[in-house]
Amino acid sequence: MDSELLELILLASPVVQAVMLILALMSIAAWTVAIAKSHQVKKSHKIANHFENEFWEAQDLTNLYYKVEATRDTSEGMALIFADGFKEFMRLQKQGVVVSADLLSGSQRAMKIAFSRQADMLEHRLSLLATVGSSAPYIGLFGTVWGVMHAFQSLGDVQNATLATVAPGISEALIATAIGLFAAIPAVIAYNRLSSKIDRLLVEYENFAEGFMSILQRQAHVIESKQTKHKADDAHSEPQAPVA
């Protein structure tokens, strides 16, 4: 059976062989991306769980921030979302911003940018799986149609056309469709599975960002309250003009 299949591929027309080669390369690329992304998502999920536990157990977020900054090149996910948000919060605080709304909006913008970068990193090359899954069957169908046309055209050179005459040409043409489906089906399954895992991981990132924003909100209110109290104390301590 294997030798017959190989023989059909070798006897196929150049166009059908080119289609088969393209589909084989697409299948290899899809499997490579699927395996690599699967390992990446699994690793990112593990790192996220580890950092989230470390975050909620931390006594001082400033120390945690400096720890993340020291390993920024190897950090990802929640760690970078936290670091960028906390960095902006401290930067605004050092500039003298004490209004809680301004502190929080700046930190939230920084975290949204960091979140978008992490989402792009996770979804990078995922579109290749969707492309293979949607286009491979049609490329295979094109090869099949071309092969069938070539098979029927060859009947013109035969005086007595029988099923045995046309069957090999049709068989080699149908191989293109089979290879197209072989490339597309795993790509679609991998795309749906990875998309689901990435979506769940991004939801975890969003939930973490919301929890972190609650902590920053409490801290911002404390800073604003202290500044308001300080201004009130200064106003009371100003010397009163003597009454004539």
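Going left to right, the sequence shown walks through residues 1284 to 1527 as the numbering used here numbers them.
Built from N, CA and C at the ideal position, the CB exists for glycine as well.
- With contacts defined as CB atoms closer than 8 Å, Ala-1466 and Leu-1412 fail to qualify as a contacting pair.
- Between Ala-1402 and Met-1361 a beta carbon distance of about 13 Å is seen, past the 8 Å cut, so the two are scored as non-contacting.
- If you keep only unbroken alpha helix (DSSP H) runs of at least 4 residues inside the segment 1303-1343, you get nothing at all.
- Rounded to whole angstroms, the separation of the alpha carbons of Asp-1385 and Lys-1326 is 35 Å.
- The C-alpha of Thr-1460 is placed about 10 Å away from the C-alpha of Leu-1306.
- With contacts defined by Cβ atoms closer than 8 Å, Ala-1393 and Gly-1368 form a contacting pair.
- Shown here, His-1504 sits in a helix according to DSSP, grouped into three states.
- Of the residues assessed, Val-1505 falls on the exposed side of the cut-off, its CB having fewer than 16 other CB atoms within 10 angstroms.
- Between the alpha carbons of Val-1428 and Tyr-1421 lies a gap of roughly 10 Å.
- In the three-state scheme derived from DSSP, where H, G and I count as helix and E and B as strand, Val-1380 is classed as coil.
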